[in-house]
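Respectively, the protein sequence lines represent chains W, E and U. Counted from 1, the first sequence has number 500 at position 500 by the working numbering; the numbering is strictly sequential. Count along the second sequence starting at 1, add 1000, and that's the number in the working numbering. Count along the third sequence starting at 1, add 2000, and that's the number in the working numbering. The block underneath contains the structure these notes are about, expressed in structure tokens.
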Amino acid sequence: MSEQAHVARTLADHLPILVVLVPFLAAPMIVLLGSRILAWIIAFSASLTTVFIAILLLLQVHEGGVISYHIGGWAPPMGIEYRIDAANAIVLLLIAAIGTIVLPYAVRSIRHEIDQKHHTLFYTAYMLCFTGLLGMVATGDAFNVFVFLEISSLSTYVLVAMGAKADKRALSAAYNYLIMGTIGATFFVIGIGFLYAGTGTLNMADIASYISANGADRTIKTAFAFIMVGMGLKVAIFPLHQWLPNAYTYAPSAVTSFLAATATKAAIYVLLRFMFSVFQPDFLFEMNAIKGIMLPLALVAMFVASLIAVFQTDFKRMLAYSSIAQIGYILVGIALLSTTGLSGAIVHLFNHGITKAALFMAVGILVLRSGSSFYARIAGMGKIMPFTSFAIVLAGLSLIGVPGTAGFISKWILVQAAIEQGWWPIALAIVASSLLAVIYVWKVVEVLYMKQPAEGLTRKEAPLSMLVPMWIMTLATIWFGFDTDLALTAARSAADGLLNGFTMAGGH
Amino acid sequence: MFELDFILGHMNYWLFTVLMMIGLYNVVAKGNLIKKVVGLNLFQAAVFMFYISIGKVTGGTAPIFPTDMKIDPDVVYSNPLPHVLILTAIVVGIATTSLALALIVRIREEFDTIEEDEILEIETEMVRKENQACGDVMGGAT
Amino acid sequence: MDTNTAILLTMIIPAAAAAGNLLLRNHANLRDWMTLSAAVATFSCVLVILSNVGSSTTTAYELFEVFPGLSIAFNVEPLGLMFAIIASGLWILTHIYGVGYMRGNKEEHHARFFASFSLAISAVMGLAFSSNMFTLFLFYEIITLSTYPLVTHKGTPEALRGGRTYLGILMGTSIALLLVGIVWTYTATGTLDFTQGGILQGHISGWMVPVMLGLYAFGIGKAALMPFHRWLPAAMVAPTPVSALLHAVAVVKAGVFTMLKVGIYIFGIDFLAETGASEWLMWLAAYSIIAASIVAMTKDNLKARLAYSTISQLSYITLGMALATSMGALGGGVHIAMHAMGKITLFMCAGVIYVVTHKTNVSQMNGLGRKMPIVYISFLVAALSIIGLPPLGGSVSKHLLLVGAADTGQQIMYWVLMLSSVLNIVYLLTIVGRGFFATSDDLQAGEAIKVPLLLWVPPALTAAGCVVLFFYGHGLEQFLMPIVGAAH
């Protein structure tokens, strides 16, 4: 698709900015109105609007087109550019959809887990986090990424800390996350600084064309290293994952469902953008970094984090470790450096997002009814809460990668990518780590169905407002196990676009 | 390579690196939560310095056009863009600091301490109690 | 009704029965009648498909495409049709028997039990009519998952352990080996459709062929090839109707059925014969046959003994495929039917003995035959069929396998099959012998033990089926002939 001078005339032309702006404007409105009911209505309608915008955007770029939006009409590289292509349109949709589905679920969940006086602030922080994640993904300006990264991060720390009513460790988890997250973001901004010093521009496409024309000097290599580490912290690449288990475990359930499915995914997207679009894929230094550092770490994550997950006694914490392992799969897909591998990574990003959202929502329901998600407390829930438990089984199967679920599709593509490259050990590692997933998922299934429930707890099925969103996500994991058209086509054109850099996708 | 010119010519980088390391060291090594935040601030301030210094053009003046807009083509201006960026980053930094301090206040209320090792001790104790109450229901290794 | 609709119905009806069982959990009689009618309806649909054979086209019926070139698709071919007929036909009998067993034995959670059961049958139907490996794999895993609640039905620690072994081995092998094999095949050939003559020829060669075969042979854990056979004895903690239909017919046959499909339609018999890639598998199958038979002799628990007998008999079919001759493959195919009919009878009889007398061990069953003659005669007939004596069904397939072994010039395989028959005699007929001729202290002479109607009729019918199959054996052979591409 050729790119013309962008003149925004209709509302439709403004979609790339509206997707960010709508939730961003909703946040202060919620504070100003100060009503809990209105807060929810505003938040929900804002996020629903972003879903529609994201769908419209995806439809426009689904087959490989690019939308370039110039903020205030200032043309890049001077002005800030928002750039939508297949790769980020699918991530936008994922974030928008999950952010929306979590909201109805959050009503009951936070009534239980957060003080009433904080409810409006919860929705404000939620909307800001939502804005930040969408902005990170939509923007085509390197410094803008940092700004949105911090918007989402700061609101995330607040959201995590809101779990303090249930467990005071949420506070220290939020604090640690803040320290780690700020170091990561600052590393990222140092990297951007070096990039700017090296290339004289902040527009990602412009940086890319500078690097491909002039090659990478030491400043740019340093920038690459800083950006990788900084984003790696946000992604929770294996040794940089320390913040994740506690933050996920002690955050309110609605927050965990939202974050697990979106926050790390947005960070992975940014990582992908920088690795493949900004720095060229044939940049030798990067190759070595990917093959020599990222791939081994991803493999270690797949096994070590899965093993730790096997030995957990808390469902929520187990899922947190499983997330670290699953991020390993995505990184392996990236490290394969082929269209198939990359599309496997993107599909897994999407599929794992919906799977984990469903599972964390189920955890929230269990917490609502039994006070905590320890195996001892949720034992025997299969009989008492059949709908919740069965959703856990189905989503758990997707986590394992059983055929007929979304997880199977991404695992299939990843194994295929490894075999195509002739990397047999990788293919075997992927399936072997799935076996660990069988163990940790099945442990939960046994707890739910084979154990006797503990005494003296309120036991009944969850309210519909929580069940329905959870089942939407669960059915989505099944649906995307059969209908791969949306995810796969988008992922393939995204992977093609990424591997070919900006030069093919648009250029100047 | 390490001649005086090189060292002096890159003075801003040296300073930035040293300041950054002091900050990072404080974040990692100090047990007091407030001191960690101070370290974090130093760390960020170093980055701000770095940005501002790379915007400086030798012999350049402040990038302000005269009011009559009669721009003299011979005048060299410094690059204003990094400065503008850093304005944003400073705002972010302040937000981070205030949030961190707010969290510390809440931690102090709940844990009655702001020393990291003491918090860790309390948390370990909590985990131990949890394990006693809700330990492994699977009866050993699976 | 056209074939495509009928294929869909064979899956939808049992699945609907599963849902119905859960909805009607408090109406025992209604539920059981509904499941019975579902079983009959499913069987009728399979018969419709059978009657349509020849008149309808043979192209695959594509439900939807999952990946480009990979779809959930079904077609009718003789082997799958035969498997579907056996599974759905025996479901009717097993259901009747199952109702008698569950009520007689006062088991709990009937609704969940029959729901999982129906779901498993639904998946078996899907597996039987799969037209590509991708679809087959999907249903293969659904079978594993839907039978897990049946294995752990009792909820005891023992059942839990059994369930772990069951799921661990079946799921582990299928994900770690079978999936890799399938993806590899797809990457190498670009298709997974079951094609006459195989699809792998010309795409892989040399060392890859035996390795690929290994991924499939071990990956198909349901075929219970040693050393991945442990799940089958572990699954015996399940109530006997499960052992009868699923772990003697549906699940294990799904395994060897997949094995045959892979051998015939993925590799191709000629390709296997040319490359000699299956030679190691032949030896391993032979080892499984003998070793499992010997283990069976040492087992005192009746169900465990039958389980090891099943492992041994399953390897007959794997052996038939590994022989890489049309006779061998054909024999393997026919043996699916023959063994199913025989083994289900044996299991049902074991279940009857358990429900009526609560005896599980062979050594406790002295003199029981005189108390319940019909059950023991059914057992005897089925045992003789398994051993392979005419005029019983088992002799037909054993004959074909022997001819197949002789064809390849593998003298040893010929003797392995003969030796196995001798071992069969030892471990199966001793049970009957004890039943009729040994004496026991705790059984009073005289009165026969009353066996409920629902319990003794089904095994008697299947035993009769063993005799009938002998006379239709040749017809079955002719029916299966197209799978090896022979037109005569």
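Glycine residues also receive a C-beta, built at the ideal position from the N, C-alpha and C atoms.
CA nearest to the CA of Met2418/U, picked from Leu2400/U, Gly2435/U and Ile2431/U: Leu2400/U
Counted within 10 angstroms of its Cβ, other Cβ atoms place Pro512/W as buried (16 or more) or exposed: Nothing about residue 512/W can be reported from this structure: the residues present for chain W run from 1 to 508 only.
Residues near Ile2220/U by beta carbon distance below 7 Å, same chain, minus five either side: Leu2178, Gly2255, Thr2258 and Met2259
Expected contact under 8 Å - CB spacing of Tyr250/W and Gly163/W to nearest Å: 5 Å
Burial state of Met1021/E, where buried means 16 or more other Cβ atoms lie within 10 Å: exposed
Simplified DSSP state of Ser2363/U, which is helix, strand or coil: helix
DSSP three-state assignment for Val22/W, whether helix, strand or coil: helix
Contacts of Phe1050/E in chain C (Cβ-Cβ under 8 Å): Absence of chain C from the displayed structure is noted, the protein chains being W, E and U.
Near-chain E residues of the stretch 383-398 of chain W (beta-carbon distance less than 9 Å), N- to C-terminal order: none
Any beta strand (DSSP E) of 3 or more consecutive residues that is wholly inside the stretch 2023-2053 of chain U: none
Straight-line Cα distance separating Cys2045/U from Phe2113/U: 24 Å
Paired residues, beta bridge with Leu2070/U - DSSP: Phe2067/U
Contact between the stretch 2459-2470 of chain U and the stretch 2377-2395 of chain U (3+ Cβ pairs under 8 Å): yes
Within the stretch 62-140 of chain W, ranges of the beta strand (DSSP E) (whole runs, at least 3 residues): 67-70 and 81-84
Beta-carbon proximity list for His2339/U, same chain, < 6 Å, skipping 5 on both sides: Gln2313
Per DSSP, cross-strand counterpart(s) of Gln2201/U: Ile2204/U
Beta carbon proximity, Ala357/W to chain U, threshold 8 Å: no
Selection of the stretch 2156-2175 of chain U by Cβ proximity to chain W, strictly under 7 Å: Leu2160, Leu2167, Met2171, Gly2172 and Ile2175
Selection of the stretch 1114-1130 of chain E by Cβ proximity to chain W, strictly under 8 Å: Ile1119, Glu1123, Met1126 and Glu1130
Uninterrupted alpha helix (DSSP H) stretches inside the stretch 328-412 of chain W (no shorter than 4 residues): 339-370, 375-378, 381-384 and 386-400
Same chain, Cβ closer than 7 Å to Tyr2061/U, five either side skipped, listed in chain order: Asn2004, Ile2007, Ala2073, Phe2074 and Asn2075
Beta-carbon proximity of Val2242/U to Leu2119/U, cut-off 8 Å: no
Secondary structure of Asn2105/U, DSSP reduced to three states: coil
Chain W residues whose Cβ lies nearer than 7 Å to that of Leu1085/E: Phe143
Alpha carbon of Ala138/W to alpha carbon of Asp13/W, nearest angstrom: 14 Å
Secondary structure of Ser2326/U, DSSP reduced to three states: helix
Nearest-angstrom Cα separation, counted from His352/W out to Leu134/W: 18 Å
C-beta atoms of Val189/W and Ala1089/E nearer than 8 Å: yes
Within chain W, partners of Val2362/U - CB distance below 9 Å: Residues of chain W passing the Cβ test: none, with the nearest at roughly 30 Å.
Burial state of Asn1041/E (16 or more Cβ within 10 Å): buried
Simplified DSSP state of Glu461/W, which is helix, strand or coil: coil
Reduced DSSP category for Asp2407/U - H, G, I as helix; E, B as strand; rest coil: helix
Helix, strand or coil at Ser2385/U according to DSSP, with G and I counted as helix: helix
Among Asn2105/U, Thr2195/U and Ala2234/U, the one whose alpha carbon lies nearest that of Gly2263/U: Thr2195/U
Tyr2097/U at chain W interface by Cβ criterion, 8 Å: no
Whole-angstrom distance between Val1092/E and Leu1015/E, CA atom to CA atom: 22 Å
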